[in-house]
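Chains as they are written, first to last, in the numbering used here: chain A, 1 to 195; chain B, 1001 to 1195; chain C, 2001 to 2195; chain D, 3001 to 3195. A virtual CB, placed ideally from N, CA and C, is assigned to each residue, including glycine.
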DNA sequence: AATGAATGAGGATTCATTCAT
DNA sequence: GATGAATGAATCCTCATTCAT
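Written as structure tokens, this is what we have:
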């Protein structure tokens, strides 16, 4: 079935040069859309927000899983950067982590998504990422906490993520701190990475 | 003699008395379907599982929100019943709560509901319900508990809910218990109220 | 994702009564569409021609295979009816068969469809059907032919099918007769079933 | 020294001489793709298999019809070459023809092309090609043959093509031979011209 | 009051085709 | 002349919702 010829003018095509730019725009758009509407949001909305055609979305991310994974990967990378930064404190790392958690509440749902085994690719990927987050945090963890084993720390991060809700940034931060305190981790004021 | 069989062929028309039975069947079916496939599961699946036509579903629950709310309401009611039971302890109530967390994706979703727009009806409802859960728990809170503050209690429930992930009910239950332990809480036997 | 409410009026819904009528209309439409545009024609075109919504098409035929199979089944049934009719001759049966072959050239393609194994459900089904055609024909086959074994007859039908092309009914009939003659089968004038 | 390697990384730009090589690679790729996946296969697959960009495909073949026609043309040319070869017999020519039938869905499709609209360009072309095939065969037709009449010969080729089904080339070849035998024709060794 | 078929909008995905580099 | 990314129309398919019976 050939496509019928279209009448409309064809919008600009910036050529292959746009590829990298498009991918970045897609990741940003995906983060926003997923955060705003959940992980089941229409993929077409991502393409639209990124200002690209549907095809580009599929070129870069063959399925929803790939798009989600790309956003997660980017988030984790930023946490790791925060941890690797000169003189980073636990609060610094936590700040970046908290920002991502607060900004992308949808990703919490990620961990509840695949009951039936579908999407388990995401699940597996999430495990790897959560270990990277754990590593980034542990190196800065203050003394006197109870999170002696790796599972506990990962679990704690998941638990804290649930606390990070609220209409304002301040409230979300306060809740994050309260949550850590409940877990026996005392942490100073949270600063956004680079902020 | 009332026939209780629900699996039978076509109930045809059992008269007005069927209405209540249908509603109950729908709530049960909804809980199962939501637990198995998440809150986005097709509504038609609920009607099918309940053994009724689509129309009946719509008669009782005009939209998805109503169905979700009915399941949550039922869950909360059971927590309250556990709290009101003769000689109930904090651990007992927590056990019922934990059972629901582990059993029902809908119940977990309650604590992570969408912010904006569509589901905000659910969100508002969830707040009310979460207060009822908090009240049920608080009435049994032992002294000298780390969760002595009501806010902390709600926070703790939210945090545990985030830990409740995993493909099987058993795994989810184990994680819930581990989460409570991290918070310094020992939970009683985990089971549905009256189960 | 709930659907947004539609403004337009909803066309008539004739209720369940329409089910049988719709199915028949779909089979007829499918035969026509497949004949005109090949087996890869858009399924939506079938629904449109049948005057039903897309959903109805999918209710009756969950995938393309099912729609194709239904048309084939119907075709074969008509051949069998012709064979079972009182006093039917080889030419009678052949007439019906030829009509179907001529009308649905697309079905010839059926036999070449599944190189890669996809659609092999259709292939398997087609084998069963071709045996039924073989049975219907064999019982009326005139003496003196060379098609002694079942494979040969099925093969012969496939071969004759390729001959049944041409702009007019007459030409298609003549070609069918010529094809049979090349295979050593002498057959009298072809009459349409019931014609 | 001409490099024949086609599998190499990126040919970059070998200058104008690449055009002819590309065209040849495209025809070969098209034959394979059409044979493997049918005439509806994505054109991009052809470009990929040929190791060229999509643009090159469009430079040489502005649309699908052109690509199909090129493959057919090449096939027919080989039949003609077989016919023109020194000492060629009817069986030899038929062998080459049969090879093409068994190898290429496109070649078979030639004889069953769509009636209306879209593909009618191909249909017309196919008629011309089928006359060329007929001419190539007729020049070698042995005496006393049942297929002494030219129309019968064309008809026979069409009939055999309909028999050429099956998932593997071997099976298709066997069926082709069986079909010729039913028509009273013994075919020589089946092979590509020069193969 | 219940049933379940029908409707049709919306979201996923694929490819033909163009065009910047 | 070649490359391959981008575009977006068209198709597939899935449900939410209505409504004749």
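For the 8 Å Cβ check, are there 3 or more pairs between the region 1050-1068 of chain B and the region 1149-1165 of chain B?
Proximity of the region 1050-1068 of chain B to the region 1149-1165 of chain B falls short of the contact definition, fewer than three beta-carbon pairs being nearer than 8 Å.
Counting C-beta neighbours from all protein chains within 10 Å, is the total for residue 2182 of chain C 16 or more, i.e. buried, or is it exposed?
Buried, by the Cβ-count rule.
Partner residues on chain B for residue 161 of chain A, Cβ-Cβ distance less than 7 Å:
Listed along chain B are 1162, each with a C-beta nearer than 7 Å to that of residue 161 of chain A.
Is it the case that the region 170-177 of chain A contacts the region 1164-1183 of chain B, given that we only count it when at least three CB pairs across the two stretches are under 8 Å?
The answer is no - the region 170-177 of chain A does not touch the region 1164-1183 of chain B, with fewer than three Cβ pairs under 8 Å.
Could you check whether the Cβ of residue 1143 of chain B sits closer than 8 Å to any Cβ belonging to chain A?
Residue contact with chain A for residue 1143 of chain B: absent (no Cβ-Cβ distance below 8 Å to any residue of chain A).
Between residue 2083 of chain C and chain D, is any beta-carbon pair separated by less than 8 Å?
So, not an interface residue.
Proximity test, Cβ basis, 8 Å: residue 2131 of chain C and chain D
Residue contact with chain D for residue 2131 of chain C: absent (no Cβ-Cβ distance below 8 Å to any residue of chain D).
Rounded distance between the beta-carbons of residue 26 of chain A and residue 45 of chain A, thought under 8 Å
The pair is not a contact, with the Cβ atoms about 12 Å apart (cut-off 8 Å).
Please report whether the beta-carbon of residue 1178 of chain B lies at a distance below 8 Å from any beta-carbon of chain A.
Chain A, which has a Cβ nearer than 8 Å to the Cβ of residue 1178 of chain B, makes this yes.
Rounded to whole angstroms, what's the CA-CA distance from residue 3134 of chain D to residue 3083 of chain D? Just pull it up for me.
In a straight line, the C-alpha of residue 3134 of chain D is about 11 Å away from that of residue 3083 of chain D.
Buried or exposed for residue 3129 of chain D, going by 16 or more other Cβ atoms inside 10 Å?
Buried is the label assigned to residue 3129 of chain D, since at least 16 other Cβ atoms lie within 10 Å of its Cβ.
Could you tell me whether any Cβ in chain B is nearer than 8 Å to the Cβ of residue 152 of chain A?
Chain B, which has a Cβ nearer than 8 Å to the Cβ of residue 152 of chain A, makes this yes.
Closer than 8 Å by beta-carbon distance: list the chain D residues that pair up with residue 2040 of chain C, in chain order.
What residue 2040 of chain C touches in chain D: 3040.
Can you list, in chain order, the stretches of the alpha helix (DSSP H) that have 4 or more residues and sit fully within the region 1126-1179 of chain B?
Entirely contained in the region 1126-1179 of chain B, the alpha helix (DSSP H) runs reaching 4 residues are, in chain order, 1150-1163.
Between the CA atoms of residue 2079 of chain C and residue 2185 of chain C - distance to the nearest angstrom
Looking at the two C-alpha atoms, the distance is approximately 19 Å.
Helix, strand or coil for residue 115 of chain A per DSSP?
The pLDDT assigned to residue 115 of chain A is 47, lower than 50, so where the model puts this residue is not dependable, and the model offers no usable value.
If we cut at 8 Å on Cβ distances, does residue 49 of chain A have a partner in chain B?
Output row for residue 49 of chain A: interface = no.
Could you check the C-alpha separation between residue 1069 of chain B and residue 1125 of chain B for me, to the nearest Å?
Residue 1069 of chain B and residue 1125 of chain B have their C-alpha atoms roughly 7 Å apart.
What is the DSSP secondary structure of residue 80 of chain A, counted as helix, strand or coil?
Residue 80 of chain A falls in the helix class under three-state DSSP.
Go through its chain and collect everything with a Cβ distance to residue 2054 of chain C's Cβ below 7 Å, but skip five positions before and after it.
Excluding residues within five positions, the ones whose Cβ falls inside 7 Å are 2044, 2047.
Using 8 Å as the threshold, is the C-beta distance between residue 2093 of chain C and residue 2142 of chain C below it?
Result no, Cβ atoms of residue 2093 of chain C and residue 2142 of chain C do not sit closer than 8 Å.
Candidates D/3087, D/3095, D/3019, D/3032: closest to residue 3058 of chain D by CA position
With distances taken between Cα atoms, residue 3058 of chain D lies closest to D/3019.
I'd like to know whether the C-beta atoms of residue 1178 of chain B and residue 158 of chain A end up nearer to each other than 8 Å.
No, the pair does not count as a contact, with Cβ atoms beyond the cut-off.
Quick one: grab the DSSP three-state call for residue 72 of chain A.
Per DSSP, reduced to three states, the secondary structure at residue 72 of chain A is helical.
Would residue 175 of chain A count as contacting chain B if we go by Cβ distances under 8 Å?
Output row for residue 175 of chain A: interface = yes.
Quick one: give me the first and last residue of the alpha helix (DSSP H) that residue 1090 of chain B is part of.
Element bounds for residue 1090 of chain B: 1090-1103.
For residue 158 of chain A and chain B, any beta-carbon pair shorter than 8 Å?
Yes, residue 158 of chain A lies at the interface with chain B (some Cβ there is under 8 Å from its Cβ).
Which same chain residues, not among the five before or five after residue 3097 of chain D, have their C-beta less than 6 Å away from its C-beta?
Excluding sequence neighbours, residue 3097 of chain D sits near 3079.
Of the choices B/1104, B/1140, B/1145, B/1137, whose alpha-carbon is the least far from that of residue 1165 of chain B?
Among B/1104, B/1140, B/1145, B/1137, the Cα nearest to that of residue 1165 of chain B belongs to B/1104.
Pick from D/3052, D/3017, D/3090, D/3191 that is closest to residue 3138 of chain D, judged by C-alpha positions:
If you compare the alpha carbons of D/3052, D/3017, D/3090, D/3191 with that of residue 3138 of chain D, the shortest gap goes to D/3090.
Looking at the C-beta of residue 1137 of chain B, does it have a partner C-beta in chain A at a distance below 8 Å?
It does not: the Cβ of residue 1137 of chain B has no partner Cβ on chain A nearer than 8 Å.
Please work out which residues of its chain come closer than 8 Å, Cβ to Cβ, to residue 3191 of chain D, disregarding the five sequence neighbours upstream and downstream, and give them in chain order.
Hits under 8 Å: 3095, 3096, 3099.
Start and end residues, alpha helix (DSSP H) containing residue 1034 of chain B
Taken as a continuous stretch (DSSP letters only), the alpha helix (DSSP H) holding residue 1034 of chain B covers 1018-1037.
Helix, strand or coil at residue 43 of chain A [DSSP, three-state]
If DSSP states are grouped into helix, strand and coil, residue 43 of chain A belongs with the helices.
By a C-beta neighbour count over all protein chains shown, 10 Å radius and 16 as the cutoff for buried, is residue 2144 of chain C buried or exposed?
It counts as exposed.
Within-8 Å CB hit, residue 3183 of chain D to chain C:
Closer than 8 Å to some Cβ of chain C, the Cβ of residue 3183 of chain D qualifies, so yes.
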